[in-house]
Amino acid sequence: MISTQISPDALLRRKQVAEALTSAGFPVAPASLATMVCRGGGPPYRTFGRVVLYKWGDAIEWAEARMTAPRRSTSEADAVKDGRAAEV
1 MISTQISPDA
11 LLRRKQVAEA
21 LTSAGFPVAP
31 ASLATMVCRG
41 GGPPYRTFGR
51 VVLYKWGDAI
61 EWAEARMTAP
71 RRSTSEADAV
81 KDGRAAEV
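Residue numbers are given in my numbering: position 12 of the sequence shown equals residue 12, and the series is strictly consecutive.
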């Protein structure tokens, strides 16, 4: 499945979303998405009966929101975590 050819309004099952996100550069397993349905923190979803469906536009937006800002070294991540972002 090529993620650039998917309509943002397309409704996809969990395995399809995991495959599409992975092909778009955001590796995520179907099991991780299933866990996030129960615990929270995952992309918005809908249900059709017992089937969980994700809107592709929502899923890719969720994945992009999880990305960090570009970094030049691992020490920049430590500085942000410690609240020293202005010093870096």
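Backbone N, C-alpha and C fix where the C-beta goes; we use that ideal spot for every residue, glycine too.
Quick caveat: nothing in here was measured; it's all calculated off a predicted structure.
Cβ neighbours of residue i in the same chain (closer than 7 Å, five flanking residues each side left out)
i: R71; result: A77
i: V28; result: A18, L21, T22
i: S32; result: none
i: G40; result: none
Boundaries of the alpha helix (DSSP H) in which residue i is found, first to last residue
i: V17; result: 14-23
i: T35; result: 30-39
Span of the beta strand (DSSP E) around residue i
i: V52; result: 51-55
i: R66; result: It is not in any beta strand (DSSP E) - R66 carries neither H nor E in the DSSP assignment.
i: F48; result: 46-48
heavy atom of the ligand FMN below 7 Å from residue i C-beta
i: K55; result: Among the components of this structure there are no ligands whatsoever, and the ligand FMN is therefore not found.
Cβ neighbour criterion (16 or more within 10 Å) applied to residue i
i: S73; result: exposed
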